[in-house]
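Just so it is clear: in the sequence shown, position 92 is 92 by UniProt numbering, and no numbers are missing.
Everything on this sheet refers to the single structure shown next.
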Amino acid sequence: MSKFGELVDLNIPVLLDFYTEWNDASVAMHPVLRDVAAALGDKAKVIKIDVDKNSQLAEALRVKGLPTLMIYKSGEMKWRHSGEQDANTLIGLLKEHL
């Protein structure tokens, strides 16, 4: 939890993916997130957070549905969505915050 502030306090957009391995929609997002990370390189960061291992953080951020995706920049949440998203949409959203 203490590292969370460091993770999201970057000057580049940070896409957080709250997931579990037992949730089919979460698992389906893995290749999408790889594509997003590959497309943006070092212009943005993609971080996957397992809610089973980080339940306090998920609770603090009120993560209910999985996957839950969030974009942070400079410590501020810029966007949030519960459910699957396609790579092009995510890439577009991250580019808006470059």
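All C-beta atoms, glycine included, are put in the ideal place defined by N, C-alpha and C.
- Put simply, of 94, 69, 73 and 78 the residue whose alpha carbon is nearest the alpha carbon of residue 30 is 69.
- DSSP places residue 62 outside any alpha helix (DSSP H), giving it a letter other than H or E.
- Residues of the same chain with a CB within less than 7 Å of the CB of residue 7, apart from the 5 flanking positions on each side, are 14 and 47 in chain order.
- Between residue 65 and residue 16, the alpha-carbon positions lie close to 14 Å from each other.
- Take residue 50, set aside five residues on each side of it, and the residues of its chain with a beta-carbon closer than 7 Å to its own are 19 and 20, in chain order.
- Taking one beta carbon from each stretch, the region 56 to 63 and the region 87 to 98 have fewer than 3 pairs nearer than 8 Å; the two do not touch.
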